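Engineer:
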Amino acid sequence: MNYSEKDIDRFFERFKQLPNNYQLDKIHELIKRFPSDVPRSEPFPKSFKFYFAMTTFIMALLTSLFFLFNTNDKQTLQTSENKEQAQAVSPDYEKIPKDSSVNNERSAIDNAFQQSQLKDQQVESVEGDGPNSFNKSQPTKKSTKNRSGIVNDNNQRPGVTLQGGKNEMSCDWPSDTIVDGSKLEVLLSNDELSKLGFMINETGVYYKNRFRNKTACFHDRFEDGDGEMTNLTKSPNQNNKKEHYSTHDFYPVFMTDFLYHPGLAVDGNPEVFGVRRDTLVPVRIQARILGNSDTDIIMWFIPTPNFFNALPAKYRHLHPIYSCLRAIKKRTGRSEIVRFRQKSLIRITQFVEPDKETLLQLGFEFDNDKIIYKQRGKTCFFMVTISKFSQSIHVKDEEVIAQDPDLNLVFLSDTVGRQNIKWACRSSTDKNKHNRRNFEKLHDLLVPVKLRKQNYPDLLSKDLIFWFEPSEALFNALPSDLGERIKQEYESIVSEPNSRKENSSSCTFFETCRSTLHLDAMRLFPNPAQDQLSLHFNLHKEQFGSISLLTMGGIRVKELLSDAIIFPGKNTYEFDISGVPSGIYLLSIMTSEGFKTQRVIVQK
Amino acid sequence: MKNNQQKEFIKLYDPIHNQLFGFCRAISGNVQDAEDLMQDTVLTAIEGFKKLRDKSAFKSYLFSVACNLNKMKARRKKFRAEFNKQELMQLSDSSKNPESLVDFQIIHEKMLKLPARMAETLVLFHICDMSLEDISKIQGGSLSGVKLRLKRGRKKLLSMLNSPSEMKKALLFLTI
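Chains A and B, in that order, give the protein sequences. Each residue of the first sequence is one higher than the one before, counting from 31 in the numbering used here. Each residue of the second sequence is one higher than the one before, counting from 2 in the numbering used here.
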């Protein structure tokens, strides 16, 4: 709403009309009680000696207190500090029953945390964030360091900020706000991670934090050949002396993979991740920092004031944002204020789902409690064993066959493209062949064979996708009509666009067919194009979408049509591509029902 | 204080009691703080009343004391600009429209965020109905300075009311 001068005048008028609650009699009484000819307050004694004595006394007192604190056991200090900080985060910390069982303790802590969150929200819903306000990322001159080395602005108690300063910021977001979670992600360098308590050296990445009687542990050792990465766990690895303790009042409570799928949790359990993640800060640890993961991992930290102070200045604006998110969560009780798009490496929806007979033909063996798949590789002979409780690949060393295998299983993933299995062929080329980067590159042209959990409830714990290299042997092993269809699709995809017959075959099984949008009579001309590009197509129903020009690597070069309604019927677009340099591009039409790409050559 | 001085003080004070309370309430944001400020002002004013030679300047003197005390409190950060919901209750008799109540709160909150001197000028002129000359005597400075503060204060208040907050800007960036 826009205010005008009239509104301001109206405000003043109405203010004048407010009744005067302060009785005049009270003032009269005050005046009469005022002692006659006696100063209201004693003037300060101006004696220099008095001031000197007072100053000396205070200095001595402060010095003795300082020494008293320093001589105390450091551990005791840290413990008490932890306790204070715990109480700052959770005032009900003391109420947690210490003798209860682990599960009870967990739930009690969870409850206390939730209660504290509610209380914090009550405080923060009215708080002004002072120097932590949005865009005021630099700490003020009054910033001091607390004992854990974290800058704490204005000596405020963690979790509580003064109300009312000039920088007061209230949460005026509407209740139905949905925030894009990817914009809240924190990406840190090695040094910045160190400030959060991580220890990164030439031997690995280590994290261990003891706080509120809990230990959050993680390590990723880079040792040659036998390096390992642990999940975020509650119990420390006693054998690992290289881990160090962090005593911050913040620690990661969840660890997820780069696709936001929850892993193990320190505080609570993975099931509550969906409920709690709105108020947790995702810190992405890049694969290049990690030694034993080819993918980024995400640690979800509890946002405390000290946490935000430990972040680089460019991320401190997240403090009021998270206060606001918590306020909205409290106000509305909504569970998905922050939307993390569930990412997936796989976008196709149709898989080859053969029956048991076909699977047997493909070489699968069904045991009582496991599924076995054996394959000759180029360098080794391996066996995939899948049961309800585990998945593994074993190498059979006795046979090393140089010739091409009949069927070639390249990847084994879940439905979002994660490979939870370590390929056993240990030569470096084979190991790299099965990593995520190669999966992203190669799986476009592989045939996905899906085994559903519901079909094999006793053998599988989740749906699995076996990615096979397209080959005559595979096409022949599949039922004739299905094999023929996939073969046609494959040939259509690998053939040059010009040689493809119009509507010769559908394209559904290959990841490269993720252009799931079906446009009738699509024409893109001239191709090669110079300055102008025409696009004609028919659409059967109204859709919301955008059209853009991408490089072959998928980087957007130009947005030709942004977020517009594409009407049903014949659509004709003329695009100006005069600023686009020569090269091969993809014209991508993205709509609410899928997208389609078409190769375009720009020749100047 | 002698009785005749007390009587003289009361005689001078009574006509401007409402004005002073209006000023204190507007500048401090809520009734409790306003009452504290009132009491401090009166006590400080009594202390210095003997030294006041020109009794006709009592009004300016009293408001100057109130302004100085307000500044001192703001400087010590003991002052919290918090709108009291009682005000809304009082307003609710005269206005049944909840939107206007919210507007009242918003404008008052924004006014309290103006620089102290500027807010005082606005309050003294618009709520206490003081003349520009009186305001210049209370706050010091020239008449044109008061006019300028008044004009700029209104302009700034308007721009503050109409500009989206930092959090609103953040929301625009963050929302899907």
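Just so you know, even glycine gets a beta-carbon here, dropped at the ideal spot from N, CA and C. Only a predicted model underlies this, so the values are computations on that prediction, with no experimental measurement involved.
Determine contact between the segment 113-122 of chain B and the segment 64-74 of chain B, defined as no fewer than three beta-carbon pairs at a distance below 8 Å.
Structural biologist: Yes: at least three Cβ pairs fall under 8 Å.
Engineer: Within the same chain, show all residues whose beta-carbon is closer than 6 Å to that of A:L392, passing over the 5 residues directly before and after it, in chain order.
Structural biologist: Around A:L392: A507.
Engineer: A:L563 by DSSP, collapsed to three states: which one?
Structural biologist: If DSSP states are grouped into helix, strand and coil, A:L563 belongs with the strands.
Engineer: Closest Cβ-Cβ distance between B:Y14 and chain A: below 8 Å?
Structural biologist: B:Y14 counts as touching chain A.
Engineer: Please report the residue range of the alpha helix (DSSP H) in which A:N51 lies.
Structural biologist: Note, A:N51: premise wrong, no alpha helix (DSSP H); not H, not E.
Engineer: Using beta carbons (cut-off 8 Å, strictly below), is A:D593 in contact with chain B?
Structural biologist: No, A:D593 lies away from the interface with chain B (no Cβ there is under 8 Å from its Cβ).
Engineer: Expressed to the nearest angstrom, what Euclidean distance is found between the alpha-carbon atoms of B:L159 and B:L123?
Structural biologist: Taking the straight line from one Cα to the other gives about 13 Å.
Engineer: Can you pull the chain A neighbours of B:L198, defined as C-beta to C-beta under 9 Å?
Structural biologist: Nothing about residue 198 of chain B can be reported from this structure: the residues present for chain B run from 2 to 177 only.
Engineer: Between B:I108 and chain A, is the shortest Cβ-Cβ distance under 8 Å, so that the two count as touching?
Structural biologist: Interface residue, yes.
Engineer: Hey, A:I416 and A:L489: beta-carbon distance below 8 Å or not?
Structural biologist: Closer than 8 Å, so yes.
Engineer: Apart from the five residues just before and just after A:K634, which ones in its own chain have a Cβ nearer than 8 Å to its Cβ?
Structural biologist: Closer than 8 Å at the Cβ level, and outside the excluded window around A:K634, lie Q560, P611, S612.
Engineer: Measuring only between beta-carbons, confirm whether A:K62 sits less than 8 Å from chain B.
Structural biologist: Judged by the 8 Å Cβ criterion, A:K62 is in contact with chain B.
Engineer: Would you verify that the beta carbon of A:L54 is, or is not, closer than 8 Å to some beta carbon of chain B?
Structural biologist: Answer yes: the Cβ-Cβ gap between A:L54 and chain B drops below 8 Å somewhere.
Engineer: I'd like to know whether the C-beta of A:K571 is nearer than 8 Å to at least one C-beta of chain B.
Structural biologist: Chain B contact via Cβ: absent.
Engineer: State buried or exposed for A:A340, treating a residue as buried only when at least 16 other CB atoms are found within 10 Å of its CB.
Structural biologist: So A:A340 counts as buried.
Engineer: Under a Cβ-count criterion, where at least 16 other Cβ atoms within 10 Å of its own Cβ denotes burial, should B:K156 be classed as buried or exposed?
Structural biologist: Label assigned to B:K156: exposed.
Engineer: Just to confirm, does A:F284 get its C-beta within under 7 Å of one of the non-hydrogen atoms of the ligand COA?
Structural biologist: In the structure shown, the ligand COA is absent, as is every other ligand, since no ligand is present at all.
Engineer: Which bits of chain B does A:E35 rub up against, with CB to CB less than 9 Å?
Structural biologist: Going along chain B in sequence order, the residues near A:E35 (Cβ under 9 Å) are R155, L159.
Engineer: Our contact map puts A:L217 next to A:R314 with C-beta atoms below 8 Å; I'd like the distance itself, whole angstroms only.
Structural biologist: The Cβ separation is near 5 Å, so the contact holds.
Engineer: Could you name the residues that DSSP lists as bridge partners for A:F498?
Structural biologist: A:L439, A:V477.
Engineer: Can you give me, in chain order, the residues of the segment 49-64 of chain B that have a beta carbon less than 8 Å from any beta carbon in chain A?
Structural biologist: Within the segment 49-64 of chain B, no residue has a Cβ that lies closer than 8 Å to any Cβ of chain A.
Engineer: Between which two residues does the beta strand (DSSP E) containing B:D135 stretch?
Structural biologist: Unbroken run through B:D135 is the alpha helix (DSSP H), 133-140; no beta strand (DSSP E).
Engineer: In angstroms with no decimal places, state the Cα-to-Cα distance between A:L554 and A:T602.
Structural biologist: So the alpha carbons of these two residues sit roughly 10 Å apart.
Engineer: From which residue to which residue does the alpha helix (DSSP H) around B:N1 run?
Structural biologist: Because chain B is modelled from 2 through 177, residue 1 of chain B falls outside the range shown and cannot be assessed.
Engineer: Quick one: residues in its chain with C-beta nearer than 7 Å to the C-beta of A:L472, no 5 flanking neighbours on either side, listed in chain order?
Structural biologist: Here the set comprises V440.
Engineer: DSSP state of A:L617, grouped into three classes?
Structural biologist: In the structure shown, A:L617 sits in a strand (DSSP, three-state: E or B).
Engineer: Pick helix, strand or coil for A:E366, following the three-state DSSP scheme.
Structural biologist: Note: A:E366 maps to coil in three-state DSSP.
Engineer: DSSP state of A:E222, grouped into three classes?
Structural biologist: A:E222 falls in the helix class under three-state DSSP.
Engineer: Verify the CB distance criterion: does B:S95 have a CB-CB separation below 8 Å to chain A?
Structural biologist: Here the model assigns B:S95 a pLDDT of 49, short of 50, so the residue's position is not dependable and the matter cannot be decided.
Engineer: Given this structure, state the Cα-to-Cα distance separating A:N11 from B:P16, to the nearest angstrom.
Structural biologist: There is simply no residue 11 of chain A to check, as chain A begins at 31 and stops at 634 in what is shown.
Engineer: Does A:Y352 come out as helix, strand or coil in the three-state DSSP assignment?
Structural biologist: Residue state, collapsed to three classes: helix.
Engineer: When the Cα of A:F370 is compared with those of A:N336, A:G304, A:K418, A:K404, which residue comes out closest?
Structural biologist: With distances taken between Cα atoms, A:F370 lies closest to A:G304.
Engineer: Just the chain A side, please: which residues come within less than 8 Å of B:N19 by C-beta, in chain order?
Structural biologist: Neighbours of B:N19 on chain A, chain order: N50.
Engineer: Taking the alpha-carbon of B:D55 as reference, which of B:N4, B:H18, B:I28, B:E9 has the nearest alpha-carbon?
Structural biologist: Minimum Cα distance to B:D55 is reached at B:E9.
Engineer: Quick one, are the C-beta atoms of B:I108 and A:D37 less than 8 Å apart?
Structural biologist: Contact flag set, yes.
Engineer: Are the C-beta atoms of B:F24 and some chain A residue less than 8 Å apart?
Structural biologist: Cβ-Cβ to chain A under 8 Å: no for B:F24.
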